[in-house]
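Here the protein sequences come in this chain order: A and B.
Its first residue numbered 5, the first sequence is counted upward by one per residue in our numbering.
Its first residue numbered 5, the second sequence is counted upward by one per residue in our numbering.
Contents: one structure, followed by commentary.
There are 2 protein chains.
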Amino acid sequence: MLSKSCIYGIQATIYVAANASQEFVPISQIASELKISFHFLTKVLQQLTQEGLMNSYRGPKGGVALAKPATEITLYDLIGAIDGTSIFTECMLGLPGCGIAEPCPAHEHWTKIRNELTVIARRLTLETMAKKAGELNVRLTDEFRYAQRLFPSIKPINGAQA
Amino acid sequence: MLSKSCIYGIQATIYVAANASQEFVPISQIASELKISFHFLTKVLQQLTQEGLMNSYRGPKGGVALAKPATEITLYDLIGAIDGTSIFTECMLGLPGCGIAEPCPAHEHWTKIRNELTVIARRLTLETMAKKAGELNVRLTDEFRYAQRLFPSIKPINGAQA
DNA sequence: CAGATTTCAGACTCTTTTGTCCAAAATAAG
DNA sequence: CTTATTTTGGACAAAAGAGTCTGAAATCTG
Ligand code: SF4
Ligand code: SF4
């Protein structure tokens, strides 16, 4: 559904948003905490800065930061910047020039889902997700829980990892 | 969202269902009408027969046919047989062991979409899609409209092709 | 200024998906 | 029985996605 690049981008952006105390967060820190390949993540985040969603700063004390307040960046923006918006415009058969004038046999059913997806992605802001990411049982990646990072004494909810 | 294999499989299956007059439809016919690579489509349909959704028959007068009535094959079955059911169980971050116990920050929003997708895919039968495919403006592929095949004198709705 | 840190840019490899091709097995028809 | 047709099964090639690596440019610290 979403490409790996897109997933990494979303995870990293939520991480940065939740990490509001640091001005610029080094990509190496994000990559090591989220267990994403550093070089790969670098390229993904470069794309986000080129799309104007993040700012970057080189050198010591450098890193990446959100280009706008977390309330003004939506999931739609993130997906659109990395995977493109085709997920919001195409669907089952992905025929060129889809629309009610020349639909595929599932058009009326798929559009319902597609529209709901679009509405939700446009409404869901980084702030909302970052806030959610701070809750106890919520995880950003297979093993990374933000609450555990802030309070290392907390035990994971199902004891799966150290 | 769906792989090419899956899209081809769905298109071909709808074609077969709408083509109820022929007992076995040769893959070469499907491929040439739908403008899909014959050899590639062959493999996709082999998978559908292996999954028990289609029957095949070799030799002259051979081809493929639905293994069950079109009312009993759903979009869910088709997608599940080719792309697998992960699209109905995973979503935004695709973390292993997703669930309410250890969700990602978008879980509650995504599950709404995922559930609706699942419900629609389970309800949408081949018969419904095949019937729809017979309507004038509905197309199965970029250029293929079933109504035009049955009545070649009909002009396409927007005159895009011969 | 010198050295350390960090993003930037591009080349490169590995894997998966997509697409092509060929020979063998099954079947119908003459 | 022979030939033509059609699926089966696998090998193979091309393209796209995912991941790795190296060097250059910018920036801070001392
Ligand atoms: S559901 Fe509608 S928009 Fe989606 S592929 Fe079919 S025709 Fe196009
Ligand atoms: S939305 Fe829920 S099911 Fe989907 S990836 Fe996130 S946690 Fe998993």
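By construction, the Cβ of each residue, glycine as well, lies at the ideal position given by its N, Cα and C atoms.
Quick caveat, the model's predicted, so the values are computed rather than measured.
For the stretch 78-93 of chain B, the set of positions with a beta-carbon nearer than 8 angstroms to some beta-carbon of chain A reads Leu79 and Ile91 in chain order. Under the Cβ distance rule, B:Thr145 counts among the residues neighbouring chain A, one pair being separated by less than 9 angstroms. When C-beta distances to chain A are compared with 8 angstroms, every residue of the stretch 32-47 of chain B stays at or above that value. In the three-state DSSP reduction, A:Val142 falls in the coil class, being neither helix nor strand. With a beta-carbon spacing of about 7 angstroms, A:Arg118 and A:Phe92 fall inside the 8 angstroms limit used to define contacts. Note on geometry: alpha-carbon atoms of B:Glu76 and A:Thr129 lie some 41 angstroms from one another. B:Ala22 and B:Ala134 have their C-alpha atoms spaced approximately 5 angstroms apart.
Distances taken from the Cβ of A:Pro73 to the heavy atoms of ligand 2 include none shorter than 8 angstroms. Taken from the Cβ of B:His111, at least one heavy atom of ligand 2 lies inside 8 angstroms. Shown in chain order are the members of the stretch 126-142 of chain B whose Cβ falls below 7 angstroms from a Cβ of chain A: Leu128, Met133, Lys136, Ala137, Asn141 and Val142.
Within the stretch 37-66 of chain A, the runs of alpha helix (DSSP H) at least 4 residues long that lie entirely inside it are, in chain order, 42-54. For B:Cys102, same chain residues with a beta-carbon under 8 angstroms away, outside a window of 5 residues either side, are Thr93, Glu94, Cys95, Cys108 and His111 in chain order. Bounds of the alpha helix (DSSP H) holding B:Thr122 are His111 to Arg127.
By the criterion of a C-beta distance shorter than 6 angstroms, A:Ser60 is surrounded in its chain by Thr53 and Val68, once the five residues flanking it on both sides are discounted.
Pairing A:Ala85 with A:Leu57 gives a Cβ-Cβ distance under 9 angstroms. When secondary structure is reduced to three states using DSSP, A:Leu130 falls in the helix class. Look at B:Leu97 here: in three-state DSSP terms it is coil, with no helix or strand label. Boundaries of the alpha helix (DSSP H) around B:Asp81: Leu79 to Ile86. Taking 9 angstroms as the upper bound on Cβ-Cβ separation, chain A lies near residues Ala105, Glu106, Pro107, Cys108, Pro109, Ala110, His111, Glu112, His113, Trp114, Lys116, Ile117, Glu120, Leu121, Ile124 and Ala125 of the stretch 105-125 of chain B.
In this structure, DSSP gives A:Leu70 an extended state, which the three-state scheme calls strand.
At least one heavy atom of ligand 1 is found less than 8 angstroms from the C-beta of A:Cys108. Checking the 8 angstroms criterion, the Cβ of A:Arg118 is within range of a heavy atom belonging to ligand 1. Within the same chain, and ignoring the five residues on either side of B:Leu140 in sequence, the residues whose Cβ sits closer than 6 angstroms to its Cβ are Ala151. Any Cβ of chain A closer than 9 angstroms to the Cβ of B:Pro64 would place that residue at the interface, and such an atom is absent.
Around the beta-carbon of A:Ala35, 16 or more other beta-carbon atoms lie within 10 Å, marking it buried.
Annotation for A:Glu55: Ala85 place their beta carbon closer than 6 angstroms to its own, counting only its chain and skipping 5 residues before and after.
Close CB contacts of B:Thr145 within its chain, under the 7 angstroms cut and outside five residues either way in sequence, are with Gln15, Leu38 and Lys39 (chain order). With 16 or more neighbouring CB atoms inside 10 Å of its own CB, B:Leu45 falls in the buried class. Per the DSSP secondary-structure output, B:Val29 pairs in a beta bridge with B:Val68. Residues of the stretch 146-157 of chain A with a Cβ closer than 7 angstroms to any Cβ of chain B, in chain order: Asp146. When Cβ-Cβ separations below 9 angstroms define contact, A:Leu97 makes contact with chain B. Under the 10 Å beta carbon count, B:Val29 is surrounded by 16 or more other beta carbons and is classified as buried. One Cα belongs to A:Met5, the other to B:Leu6, and the distance between them is close to 8 angstroms. Ile11, Ile14, Gln15 and Ile18: these are the residues of the stretch 9-20 of chain B whose beta carbon lies less than 8 angstroms from some beta carbon of chain A, given in chain order.
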